[in-house]
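Chains as they are written, first to last, in my numbering: chain E, 492 to 1074; chain P, 492 to 1074.
Beta carbons are placed, not taken as given, at the ideal position from N, Cα and C, and that holds for glycine.
Let me begin by presenting the structure, written as structure tokens, before commenting on it.
There are 2 protein chains.
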Amino acid sequence: MKHQEILTNYLAGFIQELSNSGVEDVVISPGSRSTPLALLIADHPKLKYHINIDERSAAFFALGIAKQTRKPVALLCTSGTAAANYFPAIVEAKLARVPLIVLTADRPHELRDIGAPQAIDQIHLYGKHVKWFVEMALPEQEKEMIDYVRTTATRAVHFSMQAPAGPVHLNFPIREPLIPILEPSAFTNMDSQPAVAVLQGQAFLPSREMEKICDRLQNIEKGLIVCGVIDDPKFVAAVLPLSEALGYPIIADPLSQLRSGHISDNMIIDSYDAILKDLQTDQQLMPDVIIRFGGMPVSKPLTKYMKRLQHTEHYIIEEGNEWRDPIKAGTHMIYSNEVMFCSDLTDRLKEKRMSRWLEMWQELNQIARETVMHEINDIQELDEGKVVIELLKKMPENSHLFVGNSMPIRDVDTFFHANHSNIRVLANRGANGIDGVVSTALGVSLYGESSFLLIGDLSFFHDLNGLLAAKMHQLNITIIVINNNGGGIFSFLPQTSEPKHFEALFGTPTDLEFSNAVEMYNGNYKKVESWNDFHRSIEEAIERKGLNVIEVPTNREKNVEVHRKMWTQVSTEIERYFQGSHL
Amino acid sequence: MKHQEILTNYLAGFIQELSNSGVEDVVISPGSRSTPLALLIADHPKLKYHINIDERSAAFFALGIAKQTRKPVALLCTSGTAAANYFPAIVEAKLARVPLIVLTADRPHELRDIGAPQAIDQIHLYGKHVKWFVEMALPEQEKEMIDYVRTTATRAVHFSMQAPAGPVHLNFPIREPLIPILEPSAFTNMDSQPAVAVLQGQAFLPSREMEKICDRLQNIEKGLIVCGVIDDPKFVAAVLPLSEALGYPIIADPLSQLRSGHISDNMIIDSYDAILKDLQTDQQLMPDVIIRFGGMPVSKPLTKYMKRLQHTEHYIIEEGNEWRDPIKAGTHMIYSNEVMFCSDLTDRLKEKRMSRWLEMWQELNQIARETVMHEINDIQELDEGKVVIELLKKMPENSHLFVGNSMPIRDVDTFFHANHSNIRVLANRGANGIDGVVSTALGVSLYGESSFLLIGDLSFFHDLNGLLAAKMHQLNITIIVINNNGGGIFSFLPQTSEPKHFEALFGTPTDLEFSNAVEMYNGNYKKVESWNDFHRSIEEAIERKGLNVIEVPTNREKNVEVHRKMWTQVSTEIERYFQGSHL
Chain E
492 MKHQEILTNY
502 LAGFIQELSN
512 SGVEDVVISP
522 GSRSTPLALL
532 IADHPKLKYH
542 INIDERSAAF
552 FALGIAKQTR
562 KPVALLCTSG
572 TAAANYFPAI
582 VEAKLARVPL
592 IVLTADRPHE
602 LRDIGAPQAI
612 DQIHLYGKHV
622 KWFVEMALPE
632 QEKEMIDYVR
642 TTATRAVHFS
652 MQAPAGPVHL
662 NFPIREPLIP
672 ILEPSAFTNM
682 DSQPAVAVLQ
692 GQAFLPSREM
702 EKICDRLQNI
712 EKGLIVCGVI
722 DDPKFVAAVL
732 PLSEALGYPI
742 IADPLSQLRS
752 GHISDNMIID
762 SYDAILKDLQ
772 TDQQLMPDVI
782 IRFGGMPVSK
792 PLTKYMKRLQ
802 HTEHYIIEEG
812 NEWRDPIKAG
822 THMIYSNEVM
832 FCSDLTDRLK
842 EKRMSRWLEM
852 WQELNQIARE
862 TVMHEINDIQ
872 ELDEGKVVIE
882 LLKKMPENSH
892 LFVGNSMPIR
902 DVDTFFHANH
912 SNIRVLANRG
922 ANGIDGVVST
932 ALGVSLYGES
942 SFLLIGDLSF
952 FHDLNGLLAA
962 KMHQLNITII
972 VINNNGGGIF
982 SFLPQTSEPK
992 HFEALFGTPT
1002 DLEFSNAVEM
1012 YNGNYKKVES
1022 WNDFHRSIEE
1032 AIERKGLNVI
1042 EVPTNREKNV
1052 EVHRKMWTQV
1062 STEIERYFQG
1072 SHL
Chain P
492 MKHQEILTNY
502 LAGFIQELSN
512 SGVEDVVISP
522 GSRSTPLALL
532 IADHPKLKYH
542 INIDERSAAF
552 FALGIAKQTR
562 KPVALLCTSG
572 TAAANYFPAI
582 VEAKLARVPL
592 IVLTADRPHE
602 LRDIGAPQAI
612 DQIHLYGKHV
622 KWFVEMALPE
632 QEKEMIDYVR
642 TTATRAVHFS
652 MQAPAGPVHL
662 NFPIREPLIP
672 ILEPSAFTNM
682 DSQPAVAVLQ
692 GQAFLPSREM
702 EKICDRLQNI
712 EKGLIVCGVI
722 DDPKFVAAVL
732 PLSEALGYPI
742 IADPLSQLRS
752 GHISDNMIID
762 SYDAILKDLQ
772 TDQQLMPDVI
782 IRFGGMPVSK
792 PLTKYMKRLQ
802 HTEHYIIEEG
812 NEWRDPIKAG
822 THMIYSNEVM
832 FCSDLTDRLK
842 EKRMSRWLEM
852 WQELNQIARE
862 TVMHEINDIQ
872 ELDEGKVVIE
882 LLKKMPENSH
892 LFVGNSMPIR
902 DVDTFFHANH
912 SNIRVLANRG
922 ANGIDGVVST
932 ALGVSLYGES
942 SFLLIGDLSF
952 FHDLNGLLAA
962 KMHQLNITII
972 VINNNGGGIF
982 SFLPQTSEPK
992 HFEALFGTPT
1002 DLEFSNAVEM
1012 YNGNYKKVES
1022 WNDFHRSIEE
1032 AIERKGLNVI
1042 EVPTNREKNV
1052 EVHRKMWTQV
1062 STEIERYFQG
1072 SHL
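Okay, structure coming up:
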């Protein structure tokens, strides 16, 4: 058999199997060594491919698609530093548990480590930051090798999804000539059933252990359910009944998907960030048990509060077999599927519990929320927190809101109150980087009905290249850039007490006029001057579709001042509450 | 002793030692965990720091400074994906042998692998792509630990320079609070002598081995010296006398620094790419020995030619203890310092050798060069190859020319003829990536007298973010963007024979109007329409200083056509030469 035939059959078998196992999208960056894989993917009848030239953006774009579709997405690039550019998104995917199938083309063995062009050591290129690495065999024709390449594809897709989900990396050595046979199509008579059927069990505790937990919780009135970063509609549907049965309010991080949607929201506490900033509340708000799900919540007041609670039982439910407890507050580490844990426990509980404890949280939440809203309403000038509230008013049903790290996610935590719009809130909270955010949001927008990105100026700058995807794939997204001209978060950190070098090292003003970049990518750009302006711009952007960038200029110092005043006011109101007749 | 004092003394000791060991420049990206290192570096009386927000660009920028200054450059970033963004430049630095000291801040041990924000596994983050990795101890006050941290700095700097030079990575766990003491300065009474004096020997062969080589070469008339990527003025000064003594012409890659400068150039063959494209010349151009220095030359005709030569002795001189022979042509691998090898051999040879062989190469070179120039002169429209020739006419003495990968470096190889201007030609030829090129060139320009970058549109796009450095640090550079709207090189590769999917996967036109981006970075932008326009724009750019981008629109198909016609013409002229009376 000729080289081209062997190459084609082997790689087509692999690609067919990716598709059979559930991969639908592939993000491809142009390159030479990867040509046979790229051409065959493009030729596959079912796979959709998306070109993204900058590999760093490409990988984040794939991450976004995988987040939105909750399906594994494949990535393909050529050999050399191209593959190294995937690294930031891979690190994020590993920690954020997003399934990616990373395919890198490589020189064959005889061209490695001898100074050949564009040849770097790609074996275990991403170290421990992928779940699985395979150095693929060179294309061969024997049935055994076709079985091998197909099974490897099945395994790769499955492993990427197995809890905790994450990236896998397959490195393909390919010899020249790099042209596969496209006519007739290699896929015409290919089996569309997976080579191996893979069935995945889920961890759940033995009945006697669940019974013990149930008995214990039935005896505890003062409990809290804390939901951090977790994105599973089944979980939302399972944790709410549990909360009602236990009478424990849910401290719901915006990334728990519990603040939006057609759900009963009286169990949802959304203003804990404001409430818990005030250390004086500790005495009244001392729970006997905390049940925690998902990655660590964003709120620093919340995490500090949980850390201060010395005598609270703290259950961490975690299917992913990791140890996510940076505050070292956990007293029980429970490795079980979160949904099954909730459902099982709810089934065992007799009826809904009402308690003074629950009421107090509900009342405090209302006070905090109303105070914040009152303060916010008074703000006439453009303000970072208020952007979240005003944006929420304008977002249509079934929107996606992607949130940048650093300040935006904190503002969303504080100001994105529970609501009945069906809005999915997403962010890169694996490693919390400010990199790749634009591309991830664009990946989300690919199949999203209505997509928004709230982002700071430094993070927007970091991934400006990502915008090319919006142009090339005619994506619809409205990007709100909070422009405080530099690193706003540092003004909240102790560094600010060190004025020497502060502005140069941390403020880092860039003075960029983003309208230029937006124009280059055929986007519509608007710098707003008032809230009316902001509302109108959002409406127009939704109407117009395509790439829309709305810049909200704010002031770093002013922002710190406004936020601090607000927390003082909330603190006063809470104090008044506790001094009143409510207790 | 308090935390802050211990932190300050420990880290200041490290930083002082970086400076003592010869580091002068540090590229810093803003971040929180790295604050104590950043503040102390900024506070050091001798170190110069340069802020670069996007860590991917930052690392390439450092690479550029290190290339230009031929000194190790330090890099600092915070924990998390920030560090992952360094990866492409680190991979390049390792293969290109550029000394970088990569400093990453990290969470301390108790905050690792437990879901803490912005905490990723940074142990051996860059795998085998750094020469040395150290997980630093937490700051301590004992003299032994201060000695440790200082010695580690000395070692890091030295190891980065030791042949083969390359990147080293030190990971610093740092506990909060992250503020060092700046008043009084920690550096006031610090010793400016290195903790340990490091003396480095160089490899050279025993006299009897050199004698043998000398005897052998004296008996061979038909020899060639091939100089690939090597950037050492001492080498230029050493290889020319050797070439004259042996009577062997030098096949000089543009990155050998042998095509420019105040050197006698009659031994330099610069048009081998054109000559060796013609397979018919093999018979006449069969050398008995090749002496090769440096990384693989760019020219594919040259590498193919060397690979075809079955009976040629092929000496590879290599101080870096690697095995750089992708064409597997080497018959002798000689691990010796290149300069010493040349000088020693020259000293042993009696006198200059003249030969018909040498004359023939000189004549062929002249024919090829003249034919190319003749063809080029006929071209009226804008052309990728001609850009090199026209640019060279306008570049001032002591310029730096940084060259992008893919097509520009090939055009420079073909059209950058030997000249007496003192122009240093640089490129990222470690992994030959199209990424990070803008930033590397800007790093070169930081201390360069007059800097130029010749780059293709995809590569320019890939590192557009790099331009922020030009704005923030008021750098002077003239960037010539060859805009063929996509991946021009693929039109020269076999992929082009597969029209299905070609334009989508390989052509990848982006249709970007770069003027917008250039304006955003306060640069001057000009799209030229004629050669007069081009000349004037270069003159104006040199005069104006700052960031200048000159775009030369070309056509991918036309470019292939023009180049092919040129090679046919050269081939005809060479055939005529061999048929003539010259032999």
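**OP:** Taking the CB atoms as reference points, tell me whether I519(P) and P563(P) lie closer together than 9 Å.
**Re:** Residue numbering aside, residue 519(P) sits at position 28 when the second sequence is read from its first letter. Residue numbering aside, residue 563(P) sits at position 72 when the second sequence is read from its first letter. Contact: no.
Subject >> Distance between A820(P) and H802(P) (C-alpha atoms, nearest Å) >> reply: As a working mapping, residue 802(P) is identified with position 311 in the second sequence. As a working mapping, residue 820(P) is identified with position 329 in the second sequence. Looking at the two C-alpha atoms, the distance is approximately 10 Å.
Subject >> Nearest-angstrom beta carbon gap, I973(P) and D948(P) [assumed within contact, 8 Å] >> reply: For the purposes of this step, residue 948(P) is taken as the residue at position 457 of the second sequence. For the purposes of this step, residue 973(P) is taken as the residue at position 482 of the second sequence. The Cβ separation is near 7 Å, so the contact holds.
Original post:
Among P985(P), M963(P) and L996(P), which has the Cα closest to the Cα of G977(P)?
Top reply: For the purposes of this step, residue 977(P) is taken as residue 486 along the second sequence, with counting starting at 1. Ranking P985(P), M963(P) and L996(P) by Cα distance to G977(P) puts L996(P) first.
Subject >> Limits of the unbroken alpha helix (DSSP H) element including W1058(P) >> reply: Here residue 1058(P) refers to the residue found at position 567 when the second sequence is read from its first residue. Taken as a continuous stretch (DSSP letters only), the alpha helix (DSSP H) holding W1058(P) covers R1047 to Q1070.
Original post:
Contact check, E881(P) vs W1022(P) under 8 Å by CB: the rounded distance?
Top reply: On the second sequence, residue 881(P) is found 390 positions in, with the first residue counted as 1. On the second sequence, residue 1022(P) is found 531 positions in, with the first residue counted as 1. Between E881(P) and W1022(P) a beta carbon distance of about 6 Å is seen, short of the 8 Å cut, so the two are scored as contacting.
**OP:** Could you pull out every residue in the same chain whose Cβ sits closer than 7 Å to the Cβ of N913(P), ignoring the five residues on either side in sequence?
**Re:** Taking the first residue of the second sequence as 1, we reach residue 913(P) at position 422. These residues qualify, in order along the chain: S751, G752, H753, E888 and N889.
Subject >> Neighbouring residues, chain P, relative to P985(E) (Cβ below 9 Å) >> reply: Here residue 985(E) is taken as the residue at index 494 of the first sequence, counted from 1. Within chain P, the residues near P985(E) are T526, E667, P668, L669 and I670.
**OP:** Return no unless some Cβ of chain P is closer than 9 Å to the Cβ of Y763(E).
**Re:** Counting from 1 along the first sequence, the entry for residue 763(E) is found at position 272. No, Y763(E) does not count as interfacial toward chain P.
Original post:
List, in order along the chain, the chain C residues whose C-beta lies closer than 7 Å to that of T999(P)?
Top reply: Here the protein chains are E and P, and chain C is not one of them.
**OP:** Determine, using beta carbons only, whether A686(E) comes closer than 9 Å to chain P.
**Re:** Locating residue 686(E) in the first sequence gives position 195, counting from the first residue. No, A686(E) does not count as interfacial toward chain P.
**OP:** Please check the pair I968(P) and P899(P), which I expect to be a contact at CB under 8 Å, by giving their CB distance rounded to whole angstroms.
**Re:** Along the second sequence, read from residue 1 onward, the residue named residue 968(P) stands at position 477. Along the second sequence, read from residue 1 onward, the residue named residue 899(P) stands at position 408. Not really, about 15 Å apart at Cβ, beyond 8 Å.
**OP:** For the alpha helix (DSSP H) holding S548(E), just list the boundary residues, first then last.
**Re:** By 1-based counting over the first sequence, the position of residue 548(E) is 57. For S548(E), the enclosing alpha helix (DSSP H) starts and ends at E546 to T560.
Original post:
S651(E) to R641(E), Cα distance in whole Å?
Top reply: Working through the first sequence from its first residue, we reach residue 651(E) at position 160. Working through the first sequence from its first residue, we reach residue 641(E) at position 150. So the alpha carbons of these two residues sit roughly 16 Å apart.
Original post:
According to DSSP, is P658(E) helix, strand or coil?
Top reply: Start at 1 with the first residue of the first sequence, and residue 658(E) comes out as number 167. Residue state, collapsed to three classes: strand.
Original post:
Is L746(P) closer than 9 Å to D722(P) when the C-beta atoms are compared?
Top reply: By 1-based counting over the second sequence, the position of residue 722(P) is 231. By 1-based counting over the second sequence, the position of residue 746(P) is 255. If you check the CB distance, D722(P) and L746(P) come in under 9 Å.
Original post:
When DSSP labels each residue in this structure, what does W1022(P) get in the three-state scheme?
Top reply: Walking along the second sequence from the start, residue 1022(P) turns up at place 531. Under the three-state reduction of DSSP output, W1022(P) falls in the helix class.
Subject >> G1037(E) to R799(P) span [Cα, whole Å] >> reply: Here residue 1037(E) corresponds to residue number 546 of the first sequence, with the count starting at 1. Here residue 799(P) corresponds to residue number 308 of the second sequence, with the count starting at 1. For G1037(E) and R799(P), the distance between alpha carbons rounds to 55 Å.
**OP:** Please confirm if Y1012(E) has its CB atom under 9 Å from at least one CB of chain P.
**Re:** Here residue 1012(E) refers to the residue found at position 521 when the first sequence is read from its first residue. The beta carbon of Y1012(E) sits closer than 9 Å to some beta carbon of chain P.
Original post:
DSSP state of K1017(E), grouped into three classes?
Top reply: Residue numbering aside, residue 1017(E) sits at position 526 when the first sequence is read from its first letter. Of the three classes helix, strand and coil, the one that applies to K1017(E) here is strand, per DSSP.
Subject >> Residue-chain proximity (P792(E), chain P), Cβ-Cβ < 9 Å >> reply: Taking the first sequence and counting its residues from 1, the one referred to as residue 792(E) is at position 301. It does not; no Cβ of chain P falls within 9 Å.
Original post:
Ordered along the chain, which non-local residues of its own chain (more than five positions away) have a Cβ less than 8 Å from that of F993(E)?
Top reply: Here the question's residue 993(E) lines up with position 502 in the first sequence. The answer, listed in chain order, is F981, Q986 and T987.
Original post:
Are S790(E) and L770(E) closer than 9 Å when you measure CB to CB?
Top reply: Residue 790(E) sits at position 299 when you count from the first residue of the first sequence. Residue 770(E) sits at position 279 when you count from the first residue of the first sequence. Cβ distance not < 9 Å, so S790(E) and L770(E) don't count as in contact.
Original post:
Can you list the residues of chain E that A529(P) reaches, using a CB-CB cut of under 7 Å?
Top reply: If you number the second sequence from 1, residue 529(P) lands on position 38. Ordered by position in chain E, the residues that pass the 7 Å Cβ test against A529(P) are L996.
**OP:** Using a Cβ-Cβ cut-off of less than 8 Å, list which residues of the region 560-578 of chain P approach chain E; keep chain order.
**Re:** G571, T572, A573, A575, N576 and F578
Original post:
So, is the C-beta of W623(E) closer than 9 Å to a C-beta in chain P?
Top reply: Residue mapping note: residue 623(E) aligns to position 132 of the first sequence, counting from 1. Contact of W623(E) with chain P is not assigned, every C-beta pair being separated by 9 Å or more.
Subject >> DSSP-derived helix/strand/coil call for A575(P) >> reply: Your numbering for residue 575(P) matches position 84 in the second sequence. Helix, per DSSP.
**OP:** Can you pull the chain P residues whose beta carbon is under 8 Å from the beta carbon of W814(E), in chain order?
**Re:** Working through the first sequence from its first residue, we reach residue 814(E) at position 323. Those are D604, I605 and G606, listed as they occur along chain P.
Subject >> Beta-carbon gap between G811(P) and R588(P) smaller than 9 Å >> reply: Residue mapping note: residue 811(P) aligns to position 320 of the second sequence, counting from 1. Residue mapping note: residue 588(P) aligns to position 97 of the second sequence, counting from 1. Against a cut-off of 9 Å, the Cβ pair of R588(P) and G811(P) comes out as a contact.
**OP:** Enumerate in chain order the residues of its own chain whose CB-to-CB distance from N757(E) is below 8 Å, with the five nearest sequence positions on each side excluded.
**Re:** Start at 1 with the first residue of the first sequence, and residue 757(E) comes out as number 266. Hits under 8 Å: Q853.
Subject >> Of the residues N500(P), L669(P), C568(P) and F624(P), the one placed nearest K634(P), counting alpha carbons only >> reply: Here residue 634(P) corresponds to residue number 143 of the second sequence, with the count starting at 1. Considering only alpha carbons, the answer is N500(P).
Original post:
chain P beta carbons: is any one of them nearer than 9 Å to that of I782(E)?
Top reply: For the purposes of this step, residue 782(E) is identified with residue 291 of the first sequence, where counting begins at 1. Chain P contact via Cβ: absent.
**OP:** Mind checking which residues open and close the beta strand (DSSP E) that includes L945(P)?
**Re:** Residue numbering aside, residue 945(P) sits at position 454 when the second sequence is read from its first letter. Counting along the chain, the beta strand (DSSP E) containing L945(P) begins and ends at S941 to G947.
Subject >> Nearest candidate by alpha-carbon position, reference G979(E), set A961(E), I971(E), K795(E) and G998(E) >> reply: As a first step, residue 979(E) must be located in the first sequence, where it is residue number 488. Closest option to G979(E), Cα to Cα, is G998(E).
Subject >> Below-9 Å beta-carbon distance, L959(E) vs any chain P residue >> reply: Position 468 of the first sequence, counting from 1, holds the residue named residue 959(E). Answer yes: the Cβ-Cβ gap between L959(E) and chain P drops below 9 Å somewhere.
Subject >> Closer than 9 Å at the beta carbon, the chain P residues around K619(E) >> reply: Mapped onto the first sequence, residue 619(E) falls at position 128. The answer, in chain order, is D612, I614 and H615.
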